[in-house]
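*Asks:*
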Amino acid sequence: MLSVNHLKKSFGGITAVKNCSFEVQGGSITALIGPNGAGKTTVFNIVTGFMRQDHGEIFFNNKNIDELPSHKRAALGIARTFQTIRLFPKMTVLENLLLAMPNTKEQWYHAFQNSALKKIEEENKKVALTWLSFVGLHAKIDEAAGNLSYGQQKLLEIARALCRSPKLLMLDEPAAGVNPAMLKKIGELLTKLKQQGMTILFIEHDMEFVMGIADKIIVLDYGEEIAIGKPVEIQKNQRVIDAYLGVGGGLENHD
Ligand code: ATP
4 MLSVNHLKKS
14 FGGITAVKNC
24 SFEVQGGSIT
34 ALIGPNGAGK
44 TTVFNIVTGF
54 MRQDHGEIFF
64 NNKNIDELPS
74 HKRAALGIAR
84 TFQTIRLFPK
94 MTVLENLLLA
104 MPNTKEQWYH
114 AFQNSALKKI
124 EEENKKVALT
134 WLSFVGLHAK
144 IDEAAGNLSY
154 GQQKLLEIAR
164 ALCRSPKLLM
174 LDEPAAGVNP
184 AMLKKIGELL
194 TKLKQQGMTI
204 LFIEHDMEFV
214 MGIADKIIVL
224 DYGEEIAIGK
234 PVEIQKNQRV
244 IDAYLGVGGG
254 LENHD
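Numbered per our numbering, the sequence shown spans residues 4 to 258.
1. Are G80 and L10 close, meaning C-beta to C-beta below 8 Å?
2. Quick check on the burial criterion: 16 or more other C-beta atoms within 10 angstroms. Buried or exposed for I17?
3. Could you check whether I206 and L196 sit closer than 8 Å to each other, using their CB atoms as the reference points?
4. Following a CB-centred definition, is N39 positioned closer than 7 Å to any heavy atom of ligand 1?
5. Would you say E60 reaches chain B, if we count a Cβ-Cβ gap shorter than 8 Å as a contact?
6. Thinking C-beta only, is V20 closer than 8 Å to G226?
7. For H208, I'd like the list of residues in its chain whose CB is within less than 8 Å of its CB, leaving aside the five on either flank, ordered along the chain.
8. Beta-carbon within less than 6 Å of V27's beta-carbon, same chain only, minus the 5 sequence neighbours each way: which residues are those?
9. With respect to 7 Å, is the separation between the Cβ of T44 and the closest non-hydrogen atom of ligand 1 below this value?
10. Tell me where the alpha helix (DSSP H) around A2 begins and ends.
11. Which one of V181, F53 and H58 has the shortest CA to CA distance from K75?
12. Going by DSSP in three states, G253 sits in which element: helix, strand or coil?
13. Looking only at its chain, what residues have a beta carbon closer than 7 Å to the beta carbon of T51, apart from the 5 residues adjacent to it on each side?
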């Protein structure tokens, strides 16, 4: 579904992504791991069109998307969440989701022609409720987003990305900072999404979480992929063990 070829990106004197290539298969869960500063978020920013690469190419469903701005990539089916929570805290849970809904020009035209705006709103609300139920936040629909717990806000961000009916869901640290019960819940939700056919690419530092749900892991180090494989292969990869996994199996940082 996604093919990243020889990506390079520098910020002044810092080379954030040096020579990064990988593929994401449709209907799978792929994890992008590596120490702080390895270039993971920069890769996300480039794939989603928030940033332009210096070199390299990106293909989504065999289509080169290098020239497309982020909203067009989103329209093709690439949705993302961010490392830091980006909700509107004073708006309700439902309002946060409705704001994210894609409304095509045709829908709006139709709406103004036929006074059918209400119908679109109802359809969008139905989609929002479906995803809120999926993540278990349906009871919080009228709550201000800022009143939710940190973990619930992470769930709301995932629901918001899902409201765009993506083909590829890209999550930047979906489980960072949440409690163990929420960690388990997020892992189960992502696995359930995969079973429904969703393709997921995520960045995460929690190795147990990664190893538990990923079909494939891409390990970045100083902007280059140093290993790609199944969790068991990555766990045994000497270069990865030396660089991050260490004796404790945790991720060590270069910063
Ligand atoms: P983390 O796990 O801490 O989120 P990361 O693997 O996502 O790290 P990036 O955030 O992609 O790493 O950063 C890679 C390098 O590029 C770092 O040295 C970072 O300081 C630098 N960098 C990232 N974005 C910018 C920017 N907009 N301007 C300047 N330097 C940047």
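Positions of the beta carbon are idealized from the N, C-alpha and C atoms, including for glycine. Please read all numbers here as calculations on a predicted model, not as lab measurements.
*Replies:* Let's see:
1. no
2. exposed
3. no
4. yes
5. No chain B is present in this structure, which holds just one protein chain.
6. yes
7. I36, E176, A179 and L254
8. M4, L5, T33 and L204
9. yes
10. Within the shown structure, residues of the chain are numbered from 4 to 258, placing residue 2 beyond reach of any answer.
11. F53
12. Its pLDDT being 49, under 50, G253 is placed unreliably in this model, and the coordinates cannot settle the point.
13. S73, R76, I81, R83 and M173
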